[in-house]
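Here the structure is laid out as structure tokens; the discussion comes afterwards.
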Ligand code: MG
Ligand code: MG
């Protein structure tokens, strides 16, 4: 399906992460020309600005395993409704974060519209903790498991939509930093993990062919959730949780270029840009380039 109309949904949320600053990610992308880059592809863009976020609570709340639970769930409900409205009006939702907890809302909206969703989770981390396995209580580390319906009702039922993201159609790409219990959660699930080790051994083209085959098998939609910390910090210093040994500039572009060729792509999410930690907005510019590639920009 050719993408001819994009709706930008800015989600300035940083309560799901340890470090502050990713709430400024959406505006940093806009400042560096996100709209221009999409318009240049001949795609109509509507930017409705940032979703209103609840004020930052004074403390993390009653449950140290789910920091800022109430506020984050409020924010995710707004993401759910905005993505839902975008799909209903025939616009491709481009969700820009914000921390990775926002996928809880995105996945719920997609589940209202599609019967079986494949998901590519591109991330240095697994984000596959649950309320029981988490060490930090940071909800951005539980959003992938929540999206596939693994975990307690506090997260998996909160959006009021039964997820149609199937674990057997999910692939974690570029992982290199997993918590011990999170690793066990992943191994016990049907998610395919293609870590940096596999990328080093087989090359990103081969990896992406396998990932796309898994994510599109019997599915009616593909969602891509791109955490910028999947990149090597050399290229993407402006992220809250950098991990050495990540994707190169060209590997990331080839990932998004191959995604653009998949006719089942229905939603793209780019998260965890932290302008405070960025160097002359290098990571913001990189994010815009990757979004353009995923929406169809080609070299020739
Ligand atoms: Mg993440
Ligand atoms: Mg990450």
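Residue numbers (the numbering used here): 14 to 313. Idealized CB from N, CA, C, for every residue including glycine.
{"Query": "How should residue 285 be labelled, buried or exposed, when 16 other C-beta atoms within 10 angstroms of its C-beta is the threshold for buried?", "Result": "buried"}
{"Query": "Within the present structure, is the beta-carbon of residue 243 separated from the nearest heavy atom of ligand 4 by less than 8 angstroms?", "Result": "Ligand 4 is not part of this structure, which contains only ligand 1 and ligand 2."}
{"Query": "Within the continuous beta strand (DSSP E) that includes residue 59, where are the two ends?", "Result": "57 to 63"}
{"Query": "Is the region 298 to 312 touching the region 42 to 62, taking contact as three or more C-beta pairs under 8 angstroms?", "Result": "yes"}
{"Query": "Can you tell me whether residue 282 sits near ligand 2, meaning its C-beta is under 8 angstroms from at least one heavy atom of the ligand?", "Result": "no"}
{"Query": "Counting only the same chain and skipping the five closest in sequence on each side, list residues whose C-beta sits under 7 angstroms from that of residue 203.", "Result": "180, 181"}
{"Query": "Is residue 27 a contact residue of ligand 1, with contact defined as CB to any heavy atom under 8 angstroms?", "Result": "no"}
{"Query": "Could you pull the start and end residues of the alpha helix (DSSP H) that residue 264 belongs to?", "Result": "262 to 273"}
{"Query": "Could you check how far apart the C-beta atoms of residue 242 and residue 255 are, in whole angstroms? I think they sit under 8 angstroms.", "Result": "6 angstroms"}
{"Query": "Mind checking which residues open and close the beta strand (DSSP E) that includes residue 179?", "Result": "178 to 186"}
{"Query": "With a 10 Å radius around its C-beta and 16 neighbouring C-beta atoms as the bar for buried, classify residue 175 as buried or exposed.", "Result": "exposed"}
{"Query": "Who are the near neighbours of residue 77 in its chain, counting only those whose CB is closer than 6 angstroms to its CB and skipping five residues on each side?", "Result": "150"}
{"Query": "Quick check on the burial criterion: 16 or more other C-beta atoms within 10 angstroms. Buried or exposed for residue 280?", "Result": "buried"}
{"Query": "Quick check: does the Cβ of residue 192 come within less than 8 angstroms of any heavy atom belonging to ligand 2?", "Result": "no"}
{"Query": "Within the continuous alpha helix (DSSP H) that includes residue 126, where are the two ends?", "Result": "116 to 126"}
{"Query": "Tell me where the beta strand (DSSP E) around residue 107 begins and ends.", "Result": "105 to 110"}
{"Query": "Within 10 angstroms of its Cβ, does residue 218 collect 16 or more other Cβ (buried), or is it exposed?", "Result": "exposed"}
{"Query": "Identify, in the order they occur along the chain, each residue of the same chain with its Cβ nearer than 6 angstroms to the Cβ of residue 87, setting aside the five sequence neighbours on each side.", "Result": "67"}
{"Query": "Pop quiz: residue 167 and residue 116 are said to be a contact at Cβ under 8 angstroms. What is the actual Cβ separation, rounded to whole angstroms?", "Result": "With a Cβ gap of about 16 angstroms, residue 167 and residue 116 do not count as contacting."}
{"Query": "Residue range of the alpha helix (DSSP H) that residue 52 falls in?", "Result": "47 to 52"}
{"Query": "Tell me residue 238's beta-bridge partners as DSSP assigns them.", "Result": "134, 282"}
{"Query": "Got a sec: does ligand 1 put a non-hydrogen atom nearer than 8 angstroms to the Cβ of residue 240?", "Result": "yes"}
{"Query": "Would residue 132 pass as a contact of residue 238 if the rule is Cβ separation under 9 angstroms?", "Result": "yes"}
{"Query": "Name the DSSP beta bridge partners of residue 190, please?", "Result": "138"}
{"Query": "In the DSSP assignment, find the beta strand (DSSP E) that holds residue 23 and state where it starts and stops.", "Result": "18 to 24"}
{"Query": "Just how far apart, CA to CA, sit residue 137 and residue 296?", "Result": "15 angstroms"}
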